[in-house]
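In our numbering, the protein residues as written are 412 to 801. C-beta: ideal position from N, C-alpha, C; glycine also. These figures come from a predicted structure and were not determined experimentally.
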Ligand SMILES: Cc1cc2nc3c(=O)[nH]c(=O)nc-3n(C[C@H](O)[C@H](O)[C@H](O)COP(=O)(O)OP(=O)(O)OC[C@H]3O[C@@H](n4cnc5c(N)ncnc54)[C@H](O)[C@@H]3O)c2cc1C
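Here it is as structure tokens:
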């Protein structure tokens with residue numbers, strides 16, 4: 412990786428959007444299509460985004476980042492998606508370092524953050540989900556057992572995205588057995604140096620998925636992690652991870668808005684130019700209305716993303732808004748994706764139009780990083796006060 416200093420993108424979100432759009436113009440549909448076909452990692456794109464400082468946008472200036480807020484980060488990711496690209500290759504770096512920033516010691520922050528901000532180290536991997544636990548994070552079985560000045564980690568993670576392209580991983584493991592009365596206690600967060608651990612207690616196996624996502628499963632077999640790499644207090648890890656959830660939801664929602672805007676622009680252009688029965692298909696209300704409906708849904712979702720980001724940046728509670736933003740935006744992007752295929756007829760299925768690729772990519776956000784049902788359960792039970800279902 413190169414180590415050129417991040418060029419702080421500045422405070423003005425419109426200028427940030429322009430700069431990201433200009434960068435993305437160097438990575439057209441053909442670039443993403445080729446990678447998709449080969450299920451290859453967009454290394455050049457991630458390098459360009461890193462060198463421009465965008466992946467360090469939330470890192471405070473004192474550690475070499477741009478010290479921007481979540482609204483700016485959301486604008487960056489939305490622009491990538493709106494250009495036809497896919498920031499899933501690197502988006503986690505923007506928000507998972509928040510755990511280190513908020514809960515790491517001064518020594519840990521000084522040791523890691525400047526190198527992450529410079530692009531010398533990638534912190535792209537986030538190991539939470541496990542095959543037998545699923546959405547119930549308190550049921551994870553990966554353990555970290557203290558032995559003197561280090562921990563010994565055993566277990567397995569699944570869907571750990573970008574692990575093969577990351578130097579570091581934020582890992583959630585059990586440091587105490589699950590207690591039924593306090594299920595979310597007894598888990599801890601560690602910073603794992605993945606590169607050094609490969610073949611020495613860590614094995615990574617890629618999972619081929621319906622879209623190009625560089626996701627993996629990871630096996631831990633007596634991996635040694637220095638006790639100095641424990642983030643915050645032992646046993647409080649779940650709380651630290653939860654702290655970062657609102658940021659993650661707002662940023663993924665912004666990506667969905669970007670996707671929706673890409674689909675709507677693509678469909679509108681096509682509906683104006685494709686002539687069937689002697690007139691543009693977009694002259695038929697049967698073609699116009701789904702585009703208009705998708706547009707209304709995406710603009711409403713964008714407002715909720717803006718609202719959630721403003722609350723987050725003001726340090727106000729935003730759980731309700733961040734969850735609604737993610738729900739509405741993921742629904743809007745999926746609605747727009749389906750509409751775009753329909754507007755294009757047969758050509759919606761042709762690889763060279765990029766629609767089928769973006770369709771596959773945006774489908775993910777109904778499931779990950781949090782599934783629609785779990786957001787609905789949060790709204791029903793934590794916001795509206797309905798009885799708990801789990
Ligand atoms: C491509 C991809 C990348 C990912 N990247 C990462 C990553 O980098 N790091 C990481 O830690 N994880 C990652 N994940 C995991 C992702 O967060 C989980 O897949 C997601 O949270 C759902 O968990 P699950 O797949 O175990 O589904 P399950 O928990 O098995 O749930 C299956 C279905 O049942 C529903 N369901 C479960 N319980 C309830 C309930 N009580 N009420 C209503 N519905 C319920 C869910 O909504 C879901 O639709 C990734 C997943 C994918 C597919």
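DSSP places residue 702 within a helical segment (H, G or I) once states are collapsed to three. Taking 9 Å as the cut-off, the Cβ atoms of residue 583 and residue 538 count as close. Shown here for residue 594: same chain residues with a beta carbon closer than 7 Å to its own, the five before and five after excluded, namely 549 in chain order. A distance of 9 Å or more separates the beta carbons of residue 613 and residue 641. Sequence-distant partners of residue 525 (beyond 5 residues in either direction) whose C-beta falls short of 6 Å from its own C-beta, in its chain, are 474, 475. The bridge partners DSSP lists for residue 581 are 537, 602. For the pair residue 502 and residue 479, the CB atoms are not nearer than the 9 Å cut-off.
Of the residues 459, 447, 454, the one whose Cα lies closest to the Cα of residue 430 is 459. Here the distance from the Cβ of residue 784 to the nearest heavy atom of ligand 1 is below 8 Å. With respect to the C-alpha of residue 761, the residue from 435, 448, 618 having the closest C-alpha is 448. Judged by DSSP in its simplified three-state form, residue 761 adopts coil rather than helix or strand. Beta-bridge partners assigned by DSSP to residue 614: 630. Every unbroken stretch of the alpha helix (DSSP H) spanning 4 or more residues and falling wholly within the segment 498-544 is given here in chain order: 502-514, 517-529. A distance below 8 Å between beta-carbons, with the five flanking residues on each side excluded, links residue 782 to the following residues of its chain, in chain order: 546. The beta-bridge partner set that DSSP reports for residue 635 consists of 563. Residues of the same chain with a CB within less than 6 Å of the CB of residue 580, apart from the 5 flanking positions on each side, are 536, 538, 603, 605 in chain order.
Assignment of residue 555 by DSSP, reduced to helix, strand and coil, places it in the strand class.
In this structure the segment 678-687 touches the segment 742-757; the number of beta carbon pairs closer than 8 Å is three or more.
When DSSP states are grouped into helix, strand and coil, residue 799 belongs to the coil group. For the 9 Å CB-CB criterion, residue 772 and residue 632 do not form a contact.
A straight line joining the alpha-carbon of residue 678 with that of residue 566 spans about 46 Å.
Secondary structure of residue 609 (DSSP, three-state): strand. Assigned with DSSP and collapsed to three states, residue 778 falls in coil, not helix or strand. Between residue 768 and residue 450, the C-beta gap is not smaller than 9 Å, which leaves the two residues out of contact. Beta-carbon to beta-carbon, residue 675 and residue 776 are separated by about 16 Å, too far to satisfy the 8 Å threshold. Around the CB of residue 592, fewer than 16 other CB atoms lie within 10 Å, so the residue is classed as exposed. Around the C-beta of residue 516, fewer than 16 other C-beta atoms lie within 10 Å, and the residue is accordingly described as exposed. Cα atoms of residue 680 and residue 497: separation of roughly 21 Å, rounded to the nearest angstrom. Taking 9 Å as the cut-off, the beta carbon of residue 575 is found closer than this to the beta carbon of residue 452. Cβ neighbours of residue 622 within its own chain (closer than 6 Å, five residues either side excluded): 771, 772.
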